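Protein chains in written order, with the working numbering: chain A, 4 to 330; chain B, 16 to 278. Structure first, commentary second.
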Amino acid sequence: MDLLYKIFLDPFVQMGAAPDLLLQTLWEGLVGGVLYALIALGFVLIFKASGVFNFAQGIMVVFAGLTLVGLFGVISGLGNVNEHVAAFAALGLTVGVMFVLAVGIERLVLRPLVNQPDIILFMATFGLTYVLIGVGELIFGGEPKVMITGELFLPRGSTDWEVFGGFVSFQHIDLAAAIIASLMVAGLAVFFSKTRIGRALRAVADSHKAALSVGISLEQIWVIVWFASGLVALVTGIMWAARSDVSFALQIIALRALPVLILGGFTSIPGAIVGGLIIGVGEKLGEFYWGPLLGGGIESWLAYFIALVFLLFRPQGLFGEKIIERV
Amino acid sequence: MSAKRRPPGEVLLKVENISLSFGGVRALSDISFEIRRHEVFSIIGPNGAGKSSMLNCINGFYHPQGGSITYKGRTRRQMRPHEVASQGIARTFQNIALFRGMSTLDNIMTGRSLKMRAGLLAQAIRFGPALKEELEHREFCERIIDFLEIESIRKVPVGRLPYGLQKRVELGRALAAEPELLLLDEPMAGMNLEEKRDMCRFILDVNDEFGTTICMIEHDMGVVMDISDRVVVLDYGRKIGEGQPEEVRSNQAVIDAYLGVQH
């Protein structure tokens with residue numbers, strides 16, 4: 004009886020008793036969720052266009068972050084360059100690097116594997132991951148780097164909001180992350196639903212041979228989606244690293260995106276966002292209110308648990324396409 | 016029904032000594048034929064004769080090991096699919112290959128991919144010229160929809176349409192590219208008599224109104240003999256007959272192939 008009370012009632016009593024704490028937890032969950040959504044978005048773009056789960060998305064986040072910091076170091080070492088100018092020059096160059104990376108991946112990894120089973124492409128992204136780790140360590144060294152947030156005009160500090168007789172604290176960088184992420188998602192959504200390229204992308208996702216027959220170039224579409232997910236990786240890298248720093252450990256967030264994708268569906272951009280937010284909020288609420296029952300530390304596996312339960316009821320995810328094969 | 020339409024013009028596509036094999040299986044050996052402008056040209060033959068393989072070679076999906084293909088005066092050893100499309104060859108598939116999640120209209124719009132010129136950025140922000148271009152293409156696609164009498168399913172995701180209508184949408188997508196050469200792989204397979212009659216009418220109208228050259232694979236001999244100007248017959252990857260429908264009909268090798276005489 005006591006256990007049932009602790010599971011089903013006590014957490015809600017606590018929430019009611021300290022609404023400011025609840026708000027704070029929700030906010031932190033949402034912020035974490037935005038970052039999850041960003042990572043998941045990178046996966047969804049590539050999965051939609053090529054049917055491949057891109058394991059390398061995590062390392063692309065790290066690689067983008069390191070490139071940005073590294074280039075900034077080089078540019079500011081050139082002499083008396085204004086730090087903001089240097090930061091934005093580095094940002095522009097990093098975008099260029101991500102484009103070159105996308106072209107390189109298409110040429111060297113994807114094109115030779117056209118018409119191979121999806122599992123082969125999936126394994127190729129594993130290979131890509133370790134190549135990028137190796138190259139990254141070679142160029143930038145293995146130690147963590149500090150993200151150049153101030154130089155990019157990203158705000159620091161926090162605002163406290165007095166409410167329910169307590170305080171809810173908002174980190175400015177989190178607010179900025181939420182705004183930038185929303186803008187980027189909106190931009191991508193419009194681009195992919197309203198333009199010829201978007202239509203071509205959906206066409207490629209549906210049928211390679213039909214897409215080829217109407218003159219859509221698979222090569223071009225792949226470069227575009229890998230570049231787009233490279234940009235997403237760059238933004239994710241900046242935002243995530245702004246809260247800690249850039250290190251190779253960050254690549255593990257690729258795996259954190261998996262439950263988000265299961266929840267949202269592998270093919271849906273809105274799914275990635277909603278899934279990310281649900282997982283982010285679910286993790287924080289679970290950790291804070293139910294965690295103590297299990298001795299804490301449940302945040303690291305709760306998301307996978309939620310995803311597994313979810314799979315039982317909606318294998319295609321919240322927004323994924325239900326695939327019915329005629330037999 | 017087969018009244019002479021536009022007189023056949025110069026050679027549009029010339030296939031010479033094409034050979035194709037998959038491992039040890041010889042799908043095509045030494046096939047040659049010509050397709051002239053404005054013709055309705057049919058490839059027939061029993062199952063497994065290599066008809067679809069032939070179409071796939073023309074379209075660039077398969078790369079023949081021997082022979083060459085001359086299209087509009089340019090000879091190539093191999094064709095590449097999206098280049099072929101930009102050269103004015105469109106096709107449909109035996110097992111429909113539509114974009115199932117997209118609406119009829121969007122499917123047909125993809126057929127115009129190559130006609131769109133606006134830059135990426137302009138498209139992204141749907142800026143002036145890009146918007147105007149999009150509207151013009153939209154109008155063209157609406158005309159195709161009218162022509163194929165599929166107005167009522169414009170917004171329906173094609174995955175939900177019955178088979179006969181899907182075939183029609185696929186034809187629409189191919190037409191959207193304003194092709195000079197239209198490859199049709201069994202356009203009437205699995206259709207009932209009425210649907211077949213409609214499809215025949217569309218094919219002849221396309222040929223008639225736009226002068227589109229048509230190369231089709233079809234099993235329904237009645238249809239083939241009625242609407243084709245010329246027919247080539249394949250069997251076990253070899254060409255066993257070619258000519259006008261009445262010549263082919265009386266060709267002994269063709270009769271044997273269809274009736275299954277021991278070789």
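A virtual CB, placed ideally from N, CA and C, is assigned to each residue, including glycine. Here the structure is a predicted model, which is why all the values come from computation and not from measurement.
- About 4 Å separates the Cβ atoms of M63 of chain A and A236 of chain A, confirming a contact at the 8 Å cut-off.
- Contacts between N74 of chain B and chain A, judged by CB atoms closer than 9 Å, involve L215 and S216 in chain order.
- A buried status is given to A180 of chain A, since no fewer than 16 other beta-carbon atoms sit within 10 Å of its beta-carbon.
- Contact between L74 of chain A and T97 of chain A is confirmed by a C-beta separation of about 6 Å, below the 8 Å threshold.
- Here R202 of chain A is near D121 of chain B, since their CB atoms are less than 8 Å apart.
- Taking F108 of chain B as reference, the option from A:K212, A:L266 and A:L111 with the minimal CA-CA separation is A:K212.
- Remark: fewer than three beta-carbon pairs, one from each stretch, lie closer than 8 Å, so the segment 158-165 of chain A and the segment 263-279 of chain A are not flagged as touching.
- Uninterrupted alpha helix (DSSP H) stretches at least 4 residues long and entirely within the segment 183-248 of chain A occur at 199-209, 211-216 and 221-246, given in chain order.
- According to the DSSP assignment, R216 of chain B belongs to the alpha helix (DSSP H) that extends over L208 to F225.
- At a beta-carbon threshold of 7 Å, the residues of chain A lying near H97 of chain B are L215, G218, I219 and S220, ordered along the chain.
- At a beta-carbon threshold of 8 Å, the residues of chain A lying near R106 of chain B are S216, ordered along the chain.
- In this structure, the alpha-carbon of I219 of chain A lies about 7 Å from that of S128 of chain B.
- For A42 of chain B, the secondary structure class from DSSP, reduced to helix, strand or coil, is strand.
- Contact check for L48 of chain A against M242 of chain A fails: the beta carbons are separated by 8 Å or more.
- DSSP places D241 of chain B within a helical segment (H, G or I) once states are collapsed to three.
- Rounded to the nearest whole angstrom, the CA to CA distance from V248 of chain B to E151 of chain B is 42 Å.
- With respect to M203 of chain B, E233 of chain B sits close: the two C-beta atoms are nearer than 8 Å.
- Residues of chain A whose Cβ lies closer than 9 Å to the Cβ of L176 of chain B do not exist, since the nearest Cβ in that chain is about 14 Å away.
- In this structure, the beta-carbon distance from M69 of chain B to I58 of chain B falls below 8 Å.
- Here DSSP, grouped into helix, strand and coil, assigns E54 of chain B to coil.
- Fully enclosed alpha helix (DSSP H) runs of no fewer than 4 residues occupy 178-191 of the segment 173-211 of chain B, in order along the chain.
- In this chain, R106 of chain B is not harboured by any alpha helix (DSSP H); it is covered by the beta strand (DSSP E) spanning I104 to R106.
- By the C-beta criterion, the segment 178-193 of chain A is judged not to be in contact with the segment 88-96 of chain B, since fewer than 3 inter-stretch pairs fall below 8 Å.
- Under the three-state reduction of DSSP, G169 of chain A is assigned to strand.
- According to the DSSP assignment, Y273 of chain B belongs to the alpha helix (DSSP H) that extends over Q267 to L274.
- The C-beta of D248 of chain A comes no closer than 8 Å to any C-beta of chain B.
- Pairwise C-beta distances place the segment 238-256 of chain A out of contact with the segment 270-281 of chain A, as fewer than three of them are shorter than 8 Å.
- W304 of chain A counts as exposed, since fewer than 16 other beta carbons sit within 10 angstroms of its beta carbon.
- In the three-state reduction of the DSSP assignment, S271 of chain A falls in the coil class, being assigned neither a helical nor a strand state.
- The count of Cβ pairs closer than 8 Å, one atom from the segment 122-131 of chain A and one from the segment 98-113 of chain A, reaches three, so the stretches are in contact.
- Going by beta carbons, L26 of chain A and V166 of chain A fall inside the 8 Å limit.
- Its chain contains A206 and V207 as the residues whose beta carbon lies nearer than 6 Å to that of A214 of chain A, once the 5 sequence neighbours on both sides are disregarded; these appear in chain order.
- Given a length threshold of 3 residues, each whole run of the beta strand (DSSP E) inside the segment 129-175 of chain A is given here in chain order: 161-166 and 169-174.
- By the CB criterion at 8 Å, P172 of chain B and S118 of chain B fall inside the cutoff.
- Judged by their CB atoms, E257 of chain B and F56 of chain B are not nearer to each other than the 8 Å cut-off.
- Residue state for E154 of chain B is assigned as helix, using DSSP reduced to three classes.
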